[in-house]
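Notes for the one structure printed next.
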Amino acid sequence: MSDAGARPLDGVRVADFSWFGAGPIAGRTLADFGAEVIRIESEARVDGLRLTQPQKPGMSGYNVGAYFNNYNAGKASLLLNMGAEGGREVALRLIERSDVFLSNLTPRVIERWGLTYEELCEVNPAIIAAYQPMQGTFGPHRDFLGFGAVLTPVTGISHLSGEPDRRPVGVGTNYPDYAVNPGHTVIAILAALRHRRRTGEGQRIELAQLESVAATMGPSLLDYTANGRNPLRKGNRSSWMAPHGIYRCRDGARGAVHPDGSTVRERWIAVAVRSDVEWSAFCEVAGDALFTQDERFATLLGRREYEDALNQAIGAWAADWEATELVEALQAAGVAAGVVQDAEDVCEHDRHLRQRGFYEYLDHPETGVSLYDGPIVKLHATPGELVAPAPLFGEHTYAVATEILGYSAEEVAELTAAGVLA
Amino acid sequence: MTTSMALDGVRVLDLSSEMGWYAGKLLADLGADVIKVEPPGGDPGRGLPPFWADQAGRETSLRFWYFNANKRSVTVDLTQHDGRHLFGRLVDTADIVIESFRPGELEALGVDVGALRERRPALVWASISGFGLDGPHAGWEVTDIVAQAVAGIAVLAGYPDGSPQRIAGNAAYVVAGISAAQGALLALLHAEATGEGQLVETSLQEALSICQETSHLGWDFQRWSRERIGEQHRMPGIGTYETRDGYIYSAVGIPGFGAPWTELIAWMADEGQAEDLTEPQFAETFAAFDMRTLGDPERLAALAPTLARAQEVLTEFYAGKSSMEVYEQGQARRLLIGMVASPADIADSHHLAAREWWVELEQSRGLGAEPVPLRMPGPPYRLSATPVAVRGGAPRIGEHNREVWVDEVGVPFEDLSVYAGEGAI
Chain R
26 MSDAGARPLD GVRVADFSWF GAGPIAGRTL ADFGAEVIRI ESEARVDGLR
76 LTQPQKPGMS GYNVGAYFNN YNAGKASLLL NMGAEGGREV ALRLIERSDV
126 FLSNLTPRVI ERWGLTYEEL CEVNPAIIAA YQPMQGTFGP HRDFLGFGAV
176 LTPVTGISHL SGEPDRRPVG VGTNYPDYAV NPGHTVIAIL AALRHRRRTG
226 EGQRIELAQL ESVAATMGPS LLDYTANGRN PLRKGNRSSW MAPHGIYRCR
276 DGARGAVHPD GSTVRERWIA VAVRSDVEWS AFCEVAGDAL FTQDERFATL
326 LGRREYEDAL NQAIGAWAAD WEATELVEAL QAAGVAAGVV QDAEDVCEHD
376 RHLRQRGFYE YLDHPETGVS LYDGPIVKLH ATPGELVAPA PLFGEHTYAV
426 ATEILGYSAE EVAELTAAGV LA
Chain V
7 MTTSMALDGV RVLDLSSEMG WYAGKLLADL GADVIKVEPP GGDPGRGLPP
57 FWADQAGRET SLRFWYFNAN KRSVTVDLTQ HDGRHLFGRL VDTADIVIES
107 FRPGELEALG VDVGALRERR PALVWASISG FGLDGPHAGW EVTDIVAQAV
157 AGIAVLAGYP DGSPQRIAGN AAYVVAGISA AQGALLALLH AEATGEGQLV
207 ETSLQEALSI CQETSHLGWD FQRWSRERIG EQHRMPGIGT YETRDGYIYS
257 AVGIPGFGAP WTELIAWMAD EGQAEDLTEP QFAETFAAFD MRTLGDPERL
307 AALAPTLARA QEVLTEFYAG KSSMEVYEQG QARRLLIGMV ASPADIADSH
357 HLAAREWWVE LEQSRGLGAE PVPLRMPGPP YRLSATPVAV RGGAPRIGEH
407 NREVWVDEVG VPFEDLSVYA GEGAI
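Top line first, the protein sequences correspond to chains R and V.
So the first sequence is residues 26 to 447, counted in the working numbering.
So the second sequence is residues 7 to 431, counted in the working numbering.
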């Protein structure tokens, strides 16, 4: 068995110059699995997620934003002003003593700050440097700006998501920032770590966020490059399953009064029927509903041909059901179904997530006991671990400067007086 | 030692359905030897659309081709004793197994996963399932839309007067594949360092739930659940706009993100289309804008006529240009704008062409059929010392049976025909 507490990335140090979502989430996964991750922050460029909602009610400041805190659990925070004279030297000193450099800054800022791969190699030739430019460091659009909400349209997700007869409004979140771009980045870093362990050689990783997201859209892109067909969004319908959609059930009570004053909430369920056998099972649950006897719906081809009528019939039938009961009945019959869960469900009512202990509640010095996402994947021998809540703004400047960078207390005081550290 | 790819020497057995294909693809493109282990008739996912030239068949699925390029294929019937024996010998040569059976399903077939792992202590066994290996929903049926529903993200997408929506591209399968690949590589690093293998468990629900953004955090702090808002609460400059030939998404006016609204006014003025927006009240209004304004209903009400007029002029301005014009001209002014690109727009992108992102390869359509040239999306990242490479197309069913079973596992060739005869492979 492994040593107690040993994790796969123990001993790996990450100089994390990233901010917002796609970079810090990659750093969070590395931290969960043992890496020592040092976030470089600055009063001159405060991570916007420290300032946005949701903030702990009745509190303000840089430390009470859950959006930031969730993605930065277990990291250290070093305040370093890259714009100050001497700032770059401190940065390079950290990079010299790190295994991985991580950044989602734009190519312009990387160049201005002198943190290109070639420059990092001058102090640390074995560094693994991961860059996440929006569209890459070369090409006609290299300086284009963006974040998740802009990536969703430019990568085809907006065009292909939502109802076909309505305007494409995206998916309601900055979807690419949360799993696709950070996850791909971690994969590349882990692959590079393996290569370095075997050969001693570091390398440069370029994850152009545009390419990283477009790479997940293979089948739709191939439908065009191979077949010349330019697919359009089709709502919740599938090209091979029917019924396949999201159906409304009976309204339910809210666990707390909504800011708009409402005490009830809509309840919906998702259903996917993959075969005629599953359709029979679905009809068993529906009992004597008329659509179960409708010959048009007996075969997949029929259900696809008369999908409007099918959805209308199922919608009318589902409307009388309580969502959770309907899902349990369908699952008991072997039909894929799930409640369209909202935050209240996920946090309070989903007994499955709770029993698995997915969410973690960490005691943060300012926000108190607060919710954090658990590790994204469960390793049974060396599980991910949230060893600490998010760092306070600049909480570890002194510790990092003295213990890792090797500055004396006097030098730290000088750097602080010069506006380099804070 | 010279190595050219990051995962040289790593053997992966990929038993997964569509749900897990992407994990194996990610490892294969980094250099792992990924062998698909399919039932004798082939992975049922070979029957999934879209198809090449719309010809449905076992060897023509574009979906299958994309997610299984660079892999090899063997067939084996795990329901037969001899099939399980062969599979065990193959596992003895592997570093990672990826599978997406329902919890207990493999054991029900007669595959003793525990014994296989005991025999090969450094083995990484990566399981991908809808809800994970334990808990009250562990055995539940799952598909992409169901995972998106239970993960708390479908509730955030769509119009308030429509239904919740799912994210295109089988987002749950994609994200699960990415999570499983991360887990498998973490476990591989640990196994290579210590000799200890382990079970790596991916739940679609949990992997995807991080995409809730702030939804669950909002509940934790403020006890309210975010819901889909479609185009409600729109500020001028932020949202979807129609163009001459499609749509763009504009995110101008978010404090700290790109050039401000005044740049938008300057752009319209340069083209003689700013109308009355050059009057000082507009610049003043937008200059004073910050996140607090957006959350202050009284202030917004007072500004409503100004904002409505700005919206009207901007809508007209965007509508007079093509999507690509709005996108490129706006971005040249550092305005945060993206075009709502279709697959055709992405395929024709001169930026991606200049980056030589696309992969060209020859794809087999089965024995006796001419292979076809295929232009596939490229990799998600570029590694300077160990470049990612898609070296070949997706395999035919059992294409590598002889190569793997005879040459690599050491099954005598005569025995192979016996196994084939009884349907074990």
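Idealized CB from N, CA, C, for every residue including glycine.
Predicted model only: the values in this text are computed from it and were never measured.
Out of V:S169, V:G89 and V:Q61, which has the shortest C-alpha to C-alpha gap to E44 of chain V? V:G89
Reference P33 of chain R; option with closest CA among R:S263, R:F42, R:Q366 and R:A406: R:A406
Could you list which residues in chain V have their beta carbon closer than 8 Å to that of N199 of chain R, in chain order? E219
Taking the straight line between their C-alpha atoms, what separation do you get for D83 of chain V and A430 of chain V? 5 Å
Output needed for R95 of chain V: all residues of its chain with C-beta closer than 6 Å, excluding positions within five of it in sequence on either side, in chain order. V415
Quick check on M7 of chain V - is its C-beta less than 8 Å from some C-beta in chain R? Annotation note: pLDDT 41 at M7 of chain V (below 50); position unreliable, coordinate value reported separately. Judged by the 8 Å Cβ criterion, M7 of chain V is in contact with chain R.
Beta bridge counterpart(s) of T246 of chain V as assigned by DSSP: V:Y255
What does G171 of chain R reach in chain V if we use C-beta pairs closer than 8 Å? L342 and G344
Bridge-paired residues (DSSP) for Q80 of chain R: R:G90
Classify R321 of chain R: buried if its beta carbon has 16 or more other beta carbons within 10 angstroms, exposed otherwise. exposed
May I have a chain-ordered list of the beta strand (DSSP E) segments no shorter than 3 residues that lie completely inside the region 264-340 of chain R? 269-278 and 289-297
If we cut at 8 Å on Cβ distances, does I41 of chain V have a partner in chain R? no
Determine the contact status of G278 of chain V and W267 of chain V, defining contact as a CB-CB distance below 8 Å. no
Identified DSSP bridge partners for H389 of chain R: R:G393
Validate contact between the region 324-332 of chain V and the region 240-249 of chain V using beta carbons, cut 8 Å, 3 pairs: yes
Are the beta-carbon atoms of N261 of chain R and S169 of chain V separated by less than 8 Å? yes
Limits of the unbroken alpha helix (DSSP H) element including Y333 of chain V: S329 to A338
Tell me whether Q211 of chain V is buried or exposed, calling it buried when 16 or more other Cβ atoms sit within 10 Å of its Cβ. buried
Whose C-beta lies closer than 8 Å to the C-beta of Q238 of chain V among residues of the same chain, with five residues either side of it excluded? P166
Strand pairing of A101 of chain R, partner residues [DSSP]: R:I63
For a quick check, are the C-beta atoms of A98 of chain R and R53 of chain R less than 8 Å apart? yes
Would you please state the rounded distance, in angstroms, between the beta carbons of P401 of chain V and K42 of chain V? I believe it to be under 8 Å. 7 Å
For M7 of chain V, count the other beta carbons within 10 Å of its own beta carbon; 16 or more makes it buried, fewer makes it exposed. Which is it? Confidence at M7 of chain V is low in this model, with a pLDDT of 41, below 50, so the placement of that residue should be treated as unreliable; the coordinate-derived value is given next. With fewer than 16 Cβ atoms within 10 Å of its Cβ, M7 of chain V is classed as exposed.
Note the first and the last residue of the continuous beta strand (DSSP E) segment covering M274 of chain V. Careful: M274 of chain V lies outside any beta strand (DSSP E), inside the alpha helix (DSSP H) at W267 to D276.
Residues near S27 of chain R in its chain [Cβ-Cβ closer than 8 Å; skip 5 each side]: Only weak support exists for where S27 of chain R lies, its pLDDT of 43 falling under 50; the value from the coordinates is given anyway. The residues are A406 and T407.
Give a yes or no on whether the minimum CB-CB distance between Y72 of chain V and chain R is below 8 Å. yes
Min CB distance F126 of chain R to chain V below 8 Å: no
Check the C-beta distance from V360 of chain R over to E147 of chain V and give it rounded, since I have them as a contact under 8 Å. 6 Å
Are at least three pairs of beta-carbons, each pair with one atom in the region 56-76 of chain V and one in the region 215-235 of chain R, less than 8 Å apart? no
Could you tell me whether the Cβ of A395 of chain V comes closer than 8 Å to any Cβ of chain R? no
Answer yes or no: do G175 of chain V and S245 of chain R have a C-beta to C-beta separation smaller than 8 Å? yes
Identity of the residue in V:V80, V:E207, V:D118 and V:A197 nearest A458 of chain V by Cα: This structure gives no information on residue 458 of chain V, because the portion of chain V shown stretches from 7 to 431.
Go ahead and label A154 of chain R buried or exposed: buried means 16 or more other beta carbons lie within 10 angstroms of its beta carbon, across all protein chains shown. buried
Comparing the C-beta of Y203 of chain R with each C-beta of chain V, is any distance below 8 Å? yes
Does the CB of E233 of chain V have a neighbour CB from chain R at under 8 Å? yes
State yes or no: is the beta carbon of M382 of chain V nearer than 8 Å to at least one beta carbon in chain R? yes
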